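To keep things clear, I will list the structure first and then write my remarks on it.
Number of protein chains: 2
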Amino acid sequence: MVKSHERVDDLQLKGLQIIQNPDWFCFGIDAVLLADFAEANKRAKIMDLCTGNGIVPLLLYGKNKGARIHGLEIQPEIAEMAQRSVRMNKLDEVISIRIGDASRVKPEEKAHSYDVVTMNPPYKPIGGGIVNPTDHKAIARHEVTAGLETLIESAAYLLNSQGRFYMVHRPQRLVEIVTMMKKHGIEPKRIRLIYPKAGKRPNIVLIKGILGGKPDLVMDPPFFVYDENGEYTPEVHRVYEDIWK
Amino acid sequence: MVKSHERVDDLQLKGLQIIQNPDWFCFGIDAVLLADFAEANKRAKIMDLCTGNGIVPLLLYGKNKGARIHGLEIQPEIAEMAQRSVRMNKLDEVISIRIGDASRVKPEEKAHSYDVVTMNPPYKPIGGGIVNPTDHKAIARHEVTAGLETLIESAAYLLNSQGRFYMVHRPQRLVEIVTMMKKHGIEPKRIRLIYPKAGKRPNIVLIKGILGGKPDLVMDPPFFVYDENGEYTPEVHRVYEDIWK
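Just so you know, the protein sequences line up as chains A and Z, in that order. For the first sequence, the working numbering assigns the number 6 to the initial residue and increments by one for each residue that follows. For the second sequence, the working numbering assigns the number 6 to the initial residue and increments by one for each residue that follows.
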C-alpha cells in the first residue's frame, strides 16, 4: 500500500494516518488551519477542491465535519496516493477521491449539490516563473492547470444556495479573491488573517463565503503562529490539539 | 474666533490648535491614524473629503505632508469652524476649507487635479436608524448625505493618474470598499488593520489605493492600540509622538 519514496504519518487524530511523498510535498499548517476554519455539521456533503494527498478530507473527518467528503485532484499519481490513504484508514464509505480538474467540474458533478466546498489551491499565479508540467511540486504550488477564478467559479457551481465556501490563500491576493468571489455570487462573510508573529505581515488568509449570502463581513481576531519566544501560541495548540494529543 | 460650546485643543504639534465643538464631535484616533497612514511629499496637492473640523488637513500639515491641502465639508457650520481653525493657525496659504458635498465635486473641482485624496467618511450606512437631518453628530457618522460609493467615485474623479487614495473605515465594510474602489479604477494596494488589543477583532481599517494601479496588495503587520495591561502600545505612541511630545 505504500510505495518507495512515500512515508506514512500518523495524524494523532482518531488513529488516522496519511501517506505522503516528501519528493512532491507534505501537508503544512495551511491545511490544518483550513480544516479548523471550515464549519460543517455531521450531515454535510463536502467537496474539497485541489485535495492533493487528501489531508483536508482526512482532517475534516477527524474533526467530525461532514457526512460524505469528496476530494478532487488533477494529478493522477497524487490522487491515487490519496485514495490509498482513504483505504488505509478504511474510510471508503465517507471519503471519495476523484481524479479531475477542479476548473472543469461539469459534467461529472451536478450543479448545486454540495453544502460545503473547501479549497487549498496553488498560491502562485502562472507566469511567475517557468514551471515544468511534469513537476508535481510545481503543479501543486502554481496555477499551472487552473487560474484562481475558474476554481472559484467551480465552487459557485458546486454549492447549494446558501452553501459555504472556505479557502486558504495568500493575503497578497485578497483583493482578487474577494472580487472574484463576489463576481461569482459567493459573498465574503468572514476573514481570518494568520500572522507568523507580532510585528510581522500576515502570510496566510482564511476566507469564508456564502453562495447568495448578504454582505456582512466579520474579521476574526489576529491569529499568531509563534509567540515572542518562538514557541507555538495557544491558538496553534488549539488548532492542532486533536492532531497532537 | 471661538464661539460658545466650542473649545480650543492644542495639537502639541508645531503649535497647532484646533477648534472643536463637543456637542457635535471631537476628532478621534481614526483621524490620527489616517494622517499617519497617508503618504505625501512636500509638493503634493491633497484633498481631504468629509473633512469635518479640519483635523486631517491640520495633522497632514503638521507632519510635513503636502504643499497645498484642501478640505471639503458638507455641513456649513462645521466647515466654518474648520475655516476658523485654519485662520487661527495662520495657515490660509496652505489649507483651504470649502463647504461642499463630497459626492458632488463637479463642476467646482477639476478632474484629475489632486495627487492625494484622504477621507474619514461617515461609517454607518443610512437606513441603520432614524437620523435627524439637522443633527450634526448624526450626519458626521451616517451616510445621510452620500453613500460610500459616490464618495469613492469622487476620489477617483479628483485623483491624478497614479494618484493615491487613503481612507479610514470599519472592517465590516472592507469587501464593499474593495469592490467599489476596483469598480472606479482605484486599485487597493495596502491594508492596515487596527485591533483594540490582542484577541479582539479589528475595529478600524486603513486602506490605500492607487488610481490605475496594478493589483499587488500589501497587508501591514497587526496594529494594536492597547497592550495586555491596558496601556497604549509603542505603535500608538509612535503615531501620536508628534502630537504628544
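Quick reminder that beta carbons are idealized off the backbone N, C-alpha and C, glycines included. Owing to the predicted nature of the structure, the values given are computational and were not obtained by experimental measurement.
Contact with chain Z by residue i, beta-carbon distance below 8 angstroms
i	result
Glu1 (chain A)	Residue 1 (chain A) falls outside the range modelled here, since chain A spans only 6 to 250, and no answer is possible.
Arg195 (chain A)	no
Thr155 (chain A)	no
Arg109 (chain A)	no
Lys129 (chain A)	no
Pro126 (chain A)	no
Lys5 (chain A)	The shown model of chain A, from 6 to 250, leaves out residue 5 (chain A), and the question about it has no answer.
Thr56 (chain A)	no
Beta-carbon proximity check, residue i vs residue j, cutoff 8 angstroms
i	j	result
Lys194 (chain Z)	Ile215 (chain Z)	yes
Ile83 (chain Z)	Gly57 (chain Z)	yes
Leu65 (chain Z)	Gly71 (chain Z)	yes
Leu163 (chain A)	Tyr231 (chain A)	no
Ala161 (chain Z)	His141 (chain Z)	no
Tyr74 (chain Z)	Ile51 (chain Z)	The residue you asked about is not Tyr; residue 74 (chain Z) is Ile in the sequence shown. Yes; because the gap between Cβ atoms is below 8 angstroms, this pair is in contact.
Ser90 (chain Z)	Leu63 (chain Z)	yes
Leu38 (chain A)	Val244 (chain A)	yes
His147 (chain Z)	Pro176 (chain Z)	no
Ile196 (chain A)	Ile157 (chain A)	no
Ala145 (chain Z)	Phe42 (chain Z)	no
Thr184 (chain Z)	Lys68 (chain A)	no
Met6 (chain A)	Met93 (chain A)	yes
Val180 (chain Z)	Pro220 (chain A)	yes
Asn165 (chain A)	His242 (chain A)	no
is_contact[residue i, chain A] using C-beta, thresh 8 angstroms
i	result
Gly152 (chain Z)	no
Gln177 (chain Z)	yes
Gly204 (chain Z)	yes
Tyr200 (chain Z)	yes
Lys95 (chain Z)	no
Pro207 (chain Z)	yes
Thr139 (chain Z)	no
Thr184 (chain Z)	yes
Lys250 (chain Z)	Here the model assigns Lys250 (chain Z) a pLDDT of 46, short of 50, so the residue's position is not dependable, and the following value carries that caveat. So, not an interface residue.
Arg12 (chain Z)	no
Residue i CB to nearest heavy atom of the ligand COA below 7 angstroms
i	result
Asp221 (chain Z)	Only the bare structure without any ligand can be found here, which leaves the ligand COA out of the picture.
* Between the segment 212-224 of chain A and chain Z, which residues of the former have CB atoms less than 9 angstroms from a CB of the latter, in chain order? -> Pro220, Asp221, Leu222, Val223, Met224
* Jot down the residue ranges of each uninterrupted beta strand (DSSP E) in the segment 151-185 of chain A, minimum 3 residues, whole runs only, in chain order. => As far as the segment 151-185 of chain A is concerned, its whole beta strand (DSSP E) runs of at least 3 residues are 164-174.
* Asked: With a cut-off of 8 angstroms, do at least 3 Cβ pairs link the segment 116-125 of chain A to the segment 162-181 of chain A?
  -> Segments in contact, yes.
* To do: Go through the segment 58-112 of chain Z residue by residue and report every complete run of the alpha helix (DSSP H) that reaches 4 residues or more, in order.
  => 60-67, 81-93
* **Residues within the segment 226-238 of chain A neighbouring chain Z, beta-carbon criterion of under 7 angstroms** => Pro226, Pro227
* **Interface positions of the segment 21-42 of chain A facing chain Z (Cβ-Cβ less than 8 angstroms), listed along the chain** => none
* Asked: Okay, do the segment 102-112 of chain A and the segment 31-40 of chain A touch, 3+ Cβ pairs below 8 angstroms being the bar?
  -> no
* To do: Tell me, please, whether the segment 6-23 of chain A touches the segment 223-230 of chain A by the rule of three or more beta-carbon pairs shorter than 8 angstroms.
  => Remark: fewer than three beta-carbon pairs, one from each stretch, lie closer than 8 angstroms, so the segment 6-23 of chain A and the segment 223-230 of chain A are not flagged as touching.
* Going along the chain, which unbroken runs of the beta strand (DSSP E) with 3 or more residues stay wholly within the segment 182-225 of chain Z? -> 191-200, 209-216
* Asked: Counting only runs that start and end within the segment 224-248 of chain A, where is the alpha helix (DSSP H) found for 4 or more residues in a row?
  -> Listed in chain order, nothing qualifies, since the segment 224-248 of chain A has no complete alpha helix (DSSP H) run of 4 or more residues.
* **beta strand (DSSP E) runs wholly inside the segment 7-35 of chain A, at least 3 long, in chain order** => As for any beta strand (DSSP E) of minimum length 3 sitting wholly inside the segment 7-35 of chain A, the runs are 12-15, 22-25, ordered along the chain.
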